[in-house]
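Okay, structure first, notes after.
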Amino acid sequence: MVSLLLILIMSLFFSGIIIRTKSIMSGRKGPGIFQPMLDIFRLWKKGSVVSTTTSFIFQIAPTAYFASVIMAVLMIPHGSNPGFISFEGDFIMFAYILAFGKFLMIISALDTGSSFEGMGASREALFSMLVEPAFFILLGSFALFTGQNSFHDIFSSLHYGSQISYLLGGLASFVLVLIAMIENSRMPLDDPKTHLELTMIHEVMILDNSGFDLGVILYTTNLKFAMYGALISNFFIGMLPFEISIPMFFSIQIVFAVAVGIIESFMARFRMGHNPQFVFILTSVSLLIFFGVLLVLGKFV
Amino acid sequence: MALVLGSGVLGLIIVRESYRPLLALFVVVVNTILSSIPSILALIGDTQTGALSIPHFTGDIVIRIDSLSAWFILIINFTSITGVIYGSGYLKAYSHLKVNRELHWIFYTLFHASMLWVCIFEHGVGFLISWELMSLSSLMLVIFEFQNKATLKAGINYMVQMHLSVVLLTLGFIWLYFITGSFGFSALAQMPLNNASVWVFILLFAGFAIKAGFIPFHSWLPHAHPAAPSHISGVMSGVIVKLGIYGILRIIMYLRYDWLLFGEVILILSLTTALYGIANAALKYDFKQMLAYCTIENVGIIGIGLGIGLIGIGNRDSTMAILGFSGALLHTLNHSLFKSLLFFGAGSVYQQTHTRNIEHLGGLIKKMPVTAVLFLIGAMAIGGVPPFNGFVSEFIIYKGLFKGLLSIQGISQSILLVLTITGLAIVGGMSLMTFTKTFGVIFLGNPRKELHHEPKESSFVMLLPQYLIVAAMFGVALAPGFFFSYALKVVTDAFPKTIPDVMGSMSPVIDNLSNIGLVSLVFMGLLVSVYGIRWLLIRKRDADPYETWGCGYIAPVKKAQYTGQSFTRSFGLLFRFMVKEKKSAEKFPKQRIYPESYRFSTNYIDLLERYLVIPLAKRLTFMLNYFQFIQNGQIQSYVLYGLFFIILIFLGTAFNLIH
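Put into structure tokens, the structure is as follows:
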């Protein structure tokens, strides 16, 4: 319950912080941090243009995408405070519910019959397939590390004993940051800043959405960022009381957003063909975490 | 049951053409009722046994329906009934092929009954006879359009591979008979603990694996399924393949040692099967072939469940074992549901468009909205996303894997389990890609090619079985605890010694699964309410219709749409070590300055089939050519062979060589 509120609050200005960081880095003053959210509000009030090629899939996909992310957010705990929905193996359902939204977004891009959007859909499907193993190995390693099988139990029984386990926490945040970047198609993979047709993955998939639906999709992107940020913060909050954990949550989220801004300011987009290699780095880092866990548990004999 | 079948077949021969589907339905329903009653009794109570005594046959043939058989019998019955309803609508389009249709319904009833017999015979010989009957009757169903050369060729391929399976099984049973003196399955438990008895298991496993479609024995599936009429593909993919799984379960329940070794082998084999199957499925243009490869993938997932179960037994972790086996059983049920649904949907599309190539289709959602929605439900369920039923069984298998990861000590097994989790996650992602591609290209966008006639929605007779299947799917998705508790009973009945009766200790798992059902329900509620809010907010606003934004280009052509090939091209490049792209092009005439029409085609080849199965078969036939002189077409020499054989038998008995 707490985490749902916190994530909703954070999602209001997450992309604002990214944009602000980027403008400061390039020497501009930049808009206020609530500007992206105000833009989304404006979109929510608008009418729309709908392609005649599309069917009802195009109508339901954005809201279904939003609902799937909300459902996933409901599963995320805040330290010792369990999420709205919490049961053994909830992280499996977390990943698959996100896949539900993705499935609908991909087919809604194909629904428009556009060659650009098909391209984005194809890449979205490919990269989300490649990213899946990293998430599962990461959660598998932490399940092994703590001996627990759900988000809440893993995070609340996570305590760092040796120096190696601090390394594990750091690596896990690294993996989650990159997963968030890939899921939202941000900088090293794709450049959301360019003109819409020139972006390659996520932005090009939603070329035809307009008005309310576009607002929903943009807000869902922010929500997803805040959701991954909340996951990262959970690696450090542990059993701390609210007075400490809530400021910590926000500071970790802000650090995350600033880091995304800095990465986007100083990195260029990779060539599309090299992206799979980049995504595979994640899987190998997750495997590294897994072997680290085996080392900590003394299973290497 | 045999009586009903006999009268039914007779009736089918006599009754007029137009009533035959109805009579076939009647026979199937009667058989279903007759077999379902003892099955349900077996599933809630005790094993039902009986004995057939056949004259001139030593000993009784034991018939037994235990809960394992009951589980499969109920799956067979449901899928066969939906199949016969769908088929009666589907075959209406083939009214000119009178003979084919007459034979078809006779073999359909025979096929259904033989599948049931496979599940109930405890005796090896009875089992083999019904197994053979099942293979032959399904062969006759596959070659429905026997006038078509390609269909016949696929049928022969199917027949040869099925007989390879029968040969292996027969060898296994004969070996079993020589070791223990009995043909029954339960004799497997009395085998001495030595290496020879392991080979019996391996022979039987290989025989069943051909039927189930594990690699490298999978190559019959992608040929037989596209050739068969769609209701037959649905039933074959939903059920026949599962009987291979039934056989494997039946033999491993008598396994008394080496669980770990068998478990690891099955796990690795299944994981590669799943990956190989789905990578091929993602790249195929022929949608029925795609579904066939997807069946291979799902068999792999079921096999992963079996492997986890065996490893669980080997490590004395009964929770892991139960999760593995019951996950496999539930996935068997789920796959038989959504795969037959998808094949029925594919059949409706094929009937309306007369093409199986997805690149020629597009925009069908406007012409066939109901079929499209049903296909979408099937596609999402097979991708394993909640709130559909595919998620339930995959969740149980994942849970078994994570449980094993926590309890197992050895490092090699931990690594194996993590690799399996990785593989399963990749398989999930790939099936998402496969089915977004298939659904998107067939049903969405604009039509890519001019069709012969305007497609229209299929008839109610063809939609009704699909509604039934969808209802059953939501039943599994929303009440997984109920189905799991029966799967649990099957598992504890099948492994009484190795898995102690743990009904009590499994109640947290059942609660956990009920949670999943609840969460799925909440998710559906959320989807509906969010969409409702959107509808309330924007219903007064104007939504201008306009053509798709062409990025400033104002003369869009339908050919420029993304095709299935382009959708998976980068995937194909990444996985070219598994599936190879083959390009073929006409030679380009050099002297012309301006190129005229020019053909270029690509397709993806199944590497294992091309470089393992076909060369092997070629070598075999090459060797067999030396014996061709025997088949010389002269009736005199055939008579001579018979005489020669009789003399041989006589000499054998005379000198006491044959008893």
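Protein chains in written order, with the working numbering: chain A, 1 to 301; chain B, 302 to 960. C-beta atoms are modelled at their ideal positions from N, C-alpha and C, and glycine is treated no differently. Treat the numbers as computed from the prediction; the structure is a model and nothing was measured.
- In the structure shown, the three-state DSSP call for B:Phe447 is coil.
- Taking a Cβ-Cβ threshold of 7 Å, the residues of chain B close to A:Phe103 are Met681, Gly684, Val686, Leu733 and Thr737, in chain order.
- Counting of Cβ neighbours within 10 angstroms places B:Phe956 among the exposed residues, the total staying below 16.
- Here DSSP, grouped into helix, strand and coil, assigns B:Thr869 to coil.
- Listed by position along chain A, the residues whose Cβ is nearer than 7 Å to that of B:Asp843 are Gly47.
- In this structure the region 82 to 95 of chain A touches the region 142 to 160 of chain A; the number of beta carbon pairs closer than 8 Å is three or more.
- When DSSP reads this structure, B:Pro846 sits in a beta bridge with A:Val50.
- Sorting B:Ala918, B:Ile366 and B:Asn747 by C-alpha distance to the C-alpha of B:Tyr547 places B:Ile366 at the top.
- Look at B:Tyr863 here: in three-state DSSP terms it is coil, with no helix or strand label.
- Contact between A:Ser11 and A:Ala226 holds: their C-beta atoms lie close to 4 Å from each other, under 8 Å.
- Taken through DSSP and simplified to helix, strand or coil, B:Tyr594 comes out as helix.
- Here DSSP, grouped into helix, strand and coil, assigns B:Gln349 to strand.
- The C-beta of B:Cys852 comes closer than 7 Å to at least one C-beta of chain A.
- Per the coordinates, the alpha-carbon of A:Ala125 lies some 25 Å from the alpha-carbon of A:Ala230.
- With respect to A:Ser3, A:Leu138 sits apart: the two C-beta atoms are not nearer than 7 Å.
- Less than 7 Å separates the beta-carbon of A:Ile289 from that of A:Ser141.
- Of the candidates A:Ser128, A:Asp208, A:Thr52 and A:Ile201, A:Ser128 places its Cα closest to the Cα of A:Phe100.
- Neighbours of B:Pro846 across chain A, judged by C-beta separation under 9 Å: Val49, Val50, Ser51 and Thr52.
- Within the same chain, Ile164, Leu167 and Leu168 come within 7 Å of A:Gly292 by CB-CB distance, once the 5 residues on both sides are set aside.
- Residue range Phe901 to Asp907 is occupied by the beta strand (DSSP E) that includes B:Asp907.
- Our two residues, B:Ala497 and B:Ile712, have alpha carbons roughly 30 Å apart in a direct line.
- Within chain A, Phe87, Glu88 and Gly89 have C-beta atoms less than 8 Å from the C-beta of B:Asn813, given in sequence order.
- In the DSSP assignment, B:Lys881 falls within the beta strand (DSSP E) that extends over Val880 to Ala886.
- Listed in chain order, the alpha helix (DSSP H) elements of length 4 or more contained wholly in the region 413 to 489 of chain B are 425 to 443 and 450 to 481.
- CA-CA distance, B:Phe412 to B:Arg911, rounds to 31 Å.
- Selection B:Gly456, B:Ser637, B:Gly934 and B:Val674 evaluated against B:Trp372 yields B:Ser637 as nearest (Cα-Cα).
- With respect to the 7 Å criterion, B:Leu326 and B:Val419 are not classified as neighbours on the basis of their beta carbons.
- For A:Tyr219, the nearest beta carbon of chain B is not closer than 7 Å to its own beta carbon.
- Within the region 110 to 124 of chain A, contact with chain B at the beta-carbon level (separation under 8 Å) is assigned to Leu110, Asp111, Thr112, Gly113, Ser114, Ser115, Phe116, Glu117, Gly118, Met119, Ala121, Ser122 and Arg123.
- At the C-beta level, B:Tyr586 and B:Gly865 come within 7 Å of one another.
- According to the DSSP secondary-structure assignment, B:Arg365 is paired through a beta bridge with B:Thr350.
- The criterion of a C-beta distance shorter than 7 Å is not satisfied by B:Val363 and B:Asn581.
- Under the Cβ criterion of 7 Å, A:Ile97 is counted among the residues facing chain B.
- The CB of A:Pro276 comes closer than 7 Å to the CB of Leu875 in chain B, given here in chain order.
- Residue contact with chain B for A:Thr146: absent (no Cβ-Cβ distance below 7 Å to any residue of chain B).
- Nearest C-alpha to B:Val426 among B:Arg402, B:Ala451, B:Val467 and B:Leu392: B:Val467.
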